[in-house]
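Peer 1: My questions all concern the structure below.
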Amino acid sequence: MRQYCIGAFLLDRDDPTEVIGRLREPLLKPNENEREGYVPNVVYTCGALLHNGVLIIPFGLADHATGFATVPLAELLAAME
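Residue numbers for the sequence shown follow this note's numbering, so the first one is 962 and each next one is one higher.
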């Protein structure tokens, strides 16, 4: 079954067509609690907020609920290749 996941990548500020880094694996993917609903097996977001070095990601799951994920920005950047 397909999964709709949230990934992350970093673009060059001066040339946003150039990818500087990206995660090899999804940042967020559906778990067993997010596999039911009108559109199952889906997590999605419309953006994120950076606060005190922590990336806060609001996300929807399976079109029936919302949640928040947090990740330290330094760890996210260090995980990018």
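Each residue gets a CB set at the ideal place from its N, CA and C atoms; glycine is no exception.
(1) Count the other CB atoms, across all protein chains shown, that sit within 10 Å of the CB of F970; report buried if there are 16 or more and exposed otherwise.
(2) Can you give me the C-alpha to C-alpha distance between V1003 and F1020, rounded to a whole angstrom?
(3) Quick check: the Cα distance between R985 and I967, rounded to an integer number of angstroms?
(4) When you compare each of Q964, I981, L988 and P977 to P1033 by their alpha carbons, which one comes out closest?
(5) Do you know offhand how far K990's Cα is from D975's?
Peer 2: Based on what the coordinates show:
(1) Label assigned to F970: exposed.
(2) Their Cα atoms are separated by approximately 10 angstroms.
(3) Cα to Cα, R985 sits roughly 12 angstroms from I967.
(4) It is L988.
(5) Straight-line Cα distance between these residues: approximately 31 angstroms.
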